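Written out as structure tokens, the structure is:
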């Protein structure tokens, strides 16, 4: 499976490296990366084996010594037939490996997206299990966070009778992001997570719900959004998620939410 750190462009670069099509400086840089990254080293080994197998398939068959006088049109046809067979075998090997790599990347991207959703769910679950005394009522209209030097608004859901009661800003890094928790008048809780979008997350809203929790996620550019709720009416939740998705496509938050957070506000 392709690790999250590798992209299709990386595979193309490694393919050129194995072919010897890069400059001396580029080859030195790639060699250093391969020495430090086991995933890159494995990829180089796989590509090298493929090309070796393809080259072997294209080599002419070794033939025993025969009387040159017996060579004729039939022998020529046999040689062409075997050469074509070798070409077909090499092409098959290439298709099998490329197909496997593409399938691996698809599964890897899906796994990456699900891991991202699980991280967001941890924030929501931690908030749901928090003591009531630790929850502070906030006004979404007046609540902003400083993300990469820009002030980012948090969506207001008062029209849906949901009050903002918790804002958590995670530190910069792979799991950097913002969690906003909203509470309904009857105790329902809905969480919104904003962070860097992982590979595999699409612009179309995706359903990651489990038997115990409704979960939806989508991306806008490089920013990912996840909504989580427990025990909320499906129709009402669908309207709220649609509103948040529309908000994410219009707000300035999309332009900065995926970047590292430099100064977290004193909001817990």
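Residue numbers (this note's numbering): 48 to 315.
Beta carbons are placed, not taken as given, at the ideal position from N, Cα and C, and that holds for glycine.
In this text the structure is predicted, and so the values were computed from the model without any measurement.
List the whole-angstrom C-beta distance separating residue 237 from residue 276, where the pair is believed to meet the contact cut-off of C-beta under 8 Å.
-> The count along the chain shown starts at 1 and reaches residue 237 at position 190. The count along the chain shown starts at 1 and reaches residue 276 at position 229. Their Cβ separation, rounded to whole angstroms, is 4 Å, which keeps residue 237 and residue 276 in contact under 8 Å.
Beta-carbon proximity list for residue 265, same chain, < 8 Å, skipping 5 on both sides | Translated into the one-based positions of the chain shown, residue 265 becomes position 218. Answer for residue 265: 248, 249, 250, 251, 252, 253, 271, 272, 292, 295, listed in chain order.
In the DSSP assignment, what are the bridge partners of residue 29?
-> Here the chain comprises residues numbered 48 to 315, so residue 29 is not present and cannot be evaluated.
Nearest neighbour of residue 274, chosen from 239, 93, 228 [CA to CA] | Residue numbering aside, residue 274 sits at position 227 when the chain shown is read from its first letter. Per the Cα distances, 239.
What residue range is occupied by the uninterrupted alpha helix (DSSP H) comprising residue 295?
-> Position 248 of the chain shown, counted from the first residue, corresponds to residue 295. Its alpha helix (DSSP H) spans residues 281-297.
Which residues DSSP lists as bridging residue 213, in chain order = Working through the chain shown from its first residue, we reach residue 213 at position 166. Answer is 228, bridged to residue 213.
Backbone CA spacing between residue 169 and residue 71 [nearest angstrom] = In the chain shown, counting from the first residue as 1, residue 169 sits at position 122. In the chain shown, counting from the first residue as 1, residue 71 sits at position 24. Using only the alpha carbons, I get a separation of about 47 Å.
Return the Cβ separation of residue 224 and residue 242 in integer angstroms, given the expectation that the two are a contact with Cβ distance under 8 Å.
-> If you number the chain shown from 1, residue 224 lands on position 177. If you number the chain shown from 1, residue 242 lands on position 195. Residue 224 to residue 242, Cβ: 3 Å. Contact.
Could you work out which residue in 165, 226, 257 is closest to residue 201 when comparing CA atoms only?
-> Stepping through the chain shown from its first residue, residue 201 is reached at position 154. Of 165, 226, 257, the residue nearest in Cα terms is 226.
C-beta contact flag for residue 231 and residue 210 at 9 Å = Taking the first residue of the chain shown as position 1, residue 231 is located at position 184. Taking the first residue of the chain shown as position 1, residue 210 is located at position 163. Result yes, Cβ atoms of residue 231 and residue 210 sit closer than 9 Å.
How long is the line joining the alpha carbons of residue 317 and residue 74, rounded to whole angstroms?
-> No information on residue 317 is available, as it lies outside the stretch 48 to 315 that the chain covers here.
Whose CA, out of 260, 91, 85, 87, lies closest to the CA of residue 67?
-> Position 20 of the chain shown, counted from the start, is the residue given in the question as residue 67. The residue with the shortest Cα to Cα distance from residue 67 is 91.
Could you check what DSSP says for residue 161 in three-state terms: helix, strand or coil?
-> Reading the chain shown from its first residue, position 114 is the one you call residue 161. Looking at residue 161 - three-state DSSP - the assignment turns out to be helix.
Taking the continuous alpha helix (DSSP H) assigned at residue 61, which residues delimit it?
-> Translated into the one-based positions of the chain shown, residue 61 becomes position 14. Its alpha helix (DSSP H) spans residues 55-66.
According to the Cβ coordinates, are residue 163 and residue 245 closer than 9 Å?
-> Reading the chain shown from its first residue, position 116 is the one you call residue 163. Reading the chain shown from its first residue, position 198 is the one you call residue 245. Yes, the Cβ-Cβ distance between residue 163 and residue 245 is below 9 Å.
Under the rule that 16 or more other beta-carbon atoms within 10 Å means buried, what is residue 205, buried or exposed?
-> Looking up residue 205 in the chain shown gives position 158. With fewer than 16 other Cβ atoms within 10 Å, it is exposed.
Reference residue 159; option with closest CA among 279, 54, 287, 288 = For the purposes of this step, residue 159 is identified with residue 112 of the chain shown, where counting begins at 1. Per the Cα distances, 54.
Of the residues 174, 173, 61, the one placed nearest residue 77, counting alpha carbons only = Counting from 1 along the chain shown, the entry for residue 77 is found at position 30. Selected option, being the one with the closest Cα: 61.
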